[in-house]
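Engineer: Quick note on this note's numbering: the sequence shown kicks off at 439 and runs consecutively.
Shown below is the structure under consideration.
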Amino acid sequence: MKLLLDFLPIVLFFVSFKWAGSNPEQAQAMLEPILGSISNAEVQTAQLPILLATVVAILATVLQIIYQKATGKKVENMQWIGLILIAVFGGATLILQNETFIKWKPTVLYLAMAAGFLIAYAFKRNPIELMMKGQVELPPHAWVNLLWAWVSFFVVMAVLNIAVAYSFSTEVWVDFKLFGSLGATLIFVFGQGFYMSKHMKQPNEQNSEAK
Numbered sequence: 439m440k441l442l443l444d445f446l447p448i449v450l451f452f453v454s455f456k457w458a459g460s461n462p463e464q465a466q467a468m469l470e471p472i473l474g475s476i477s478n479a480e481v482q483t484a485q486l487p488i489l490l491a492t493v494v495a496i497l498a499t500v501l502q503i504i505y506q507k508a509t510g511k512k513v514e515n516m517q518w519i520g521l522i523l524i525a526v527f528g529g530a531t532l533i534l535q536n537e538t539f540i541k542w543k544p545t546v547l548y549l550a551m552a553a554g555f556l557i558a559y560a561f562k563r564n565p566i567e568l569m570m571k572g573q574v575e576l577p578p579h580a581w582v583n584l585l586w587a588w589v590s591f592f593v594v595m596a597v598l599n600i601a602v603a604y605s606f607s608t609e610v611w612v613d614f615k616l617f618g619s620l621g622a623t624l625i626f627v628f629g630q631g632f633y634m635s636k637h638m639k640q641p642n643e644q645n646s647e648a649k
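Structure (structure tokens):
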């Protein structure tokens with residue numbers, strides 16, 4: 439459920455991008471009051487989809503944080519970082535009407551998460567183990583392997599995102615942002631689950647350690 443909630447801004451980004459491409463007049467009418475307050479430049483028709491999608495992504499991310507706070511759920515540090523990044527890169531995209539900024543945002547976020555994991559590990563803390571503490575019992579080496587797997591995944595996704603952004607059209611990048619990122623993440627998470635099931639401590643092992 440949490441994974442789906444995390445991907446909600448991306449889904450809404452995709453939907454609003456496609457909708458704006460099919461309904462440019464309505465999209466322009468929605469954007470003019472917003473962009474008029476932050477930029478005097480005339481909105482180019484070709485930029486309407488990415489600009490509207492960026493506005494929707496910013497709003498969705500803000501509302502996501504508000505919802506979690508209102509329901510008493512913890513907002514993770516990476517979610518705060520994601521909010522800051524979408525505000526900065528999304529804001530730059532809207533003000534300058536330049537899609538390059540929003541295209542770089544996922545890469546910067548992935549690299550920030552990889553760096554965060556590595557910094558924590560340097561201080562003898564494993565974020566994966568801490569997040570799953572009390573839910574899963576694994577041997578120490580398995581937790582370390584999981585951490586390095588996540589770091590590698592983040593770096594690969596960072597490179598893939600920017601490679602697609604610069605090698606293909608914006609529409610292809612938006613498709614990749616949803617289907618590529620979501621698909622890769624789901625496959626990776628299932629793979630992690632399979633790995634954990636192979637190394638999970640059995641009840642008799644836990645009892646013997648307790649003794």
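No residue lacks a Cβ here, since even glycine has one placed at the ideal position from N, Cα and C.
Given the structure is predicted, the values throughout are model-derived calculations rather than measurements.
Using DSSP with H/G/I as helix, E/B as strand and the rest coil, what is S646?
Structural biologist: Low confidence applies to S646: its pLDDT is 48, below 50, so where it sits in the model is not reliable enough to give any reading.
Engineer: Drop a sphere of 10 angstroms on the beta-carbon of S454, count the other beta-carbons inside from all chains shown, and report buried for 16 or more, exposed for fewer.
Structural biologist: buried
Engineer: Using only alpha-carbon positions, find the residue among G529, K512 and T499 that is nearest to S475.
Structural biologist: Considering only alpha carbons, the answer is G529.
Engineer: In angstroms, rounded to a whole number, what distance separates the CA positions of S635 and A484?
Structural biologist: 48 Å
Engineer: Under 7 Å Cβ to Cβ from T545, same chain only, skipping five residues before and after it: list those, please.
Structural biologist: A596, N599 and I600
Engineer: Check whether the segment 487–503 and the segment 456–474 touch, using three or more Cβ-Cβ pairs below 8 Å as the test.
Structural biologist: yes
Engineer: Of the choices I533, V610, N564 and N461, whose alpha-carbon is the least far from that of N583?
Structural biologist: Comparing Cα positions, the closest option is N564.
Engineer: Note down, in chain order, each residue of its chain lying with its Cβ closer than 8 Å to the Cβ of V481, except the 5 sequence neighbours on either side.
Structural biologist: Q466, L469, E470, L473, L489 and Q535
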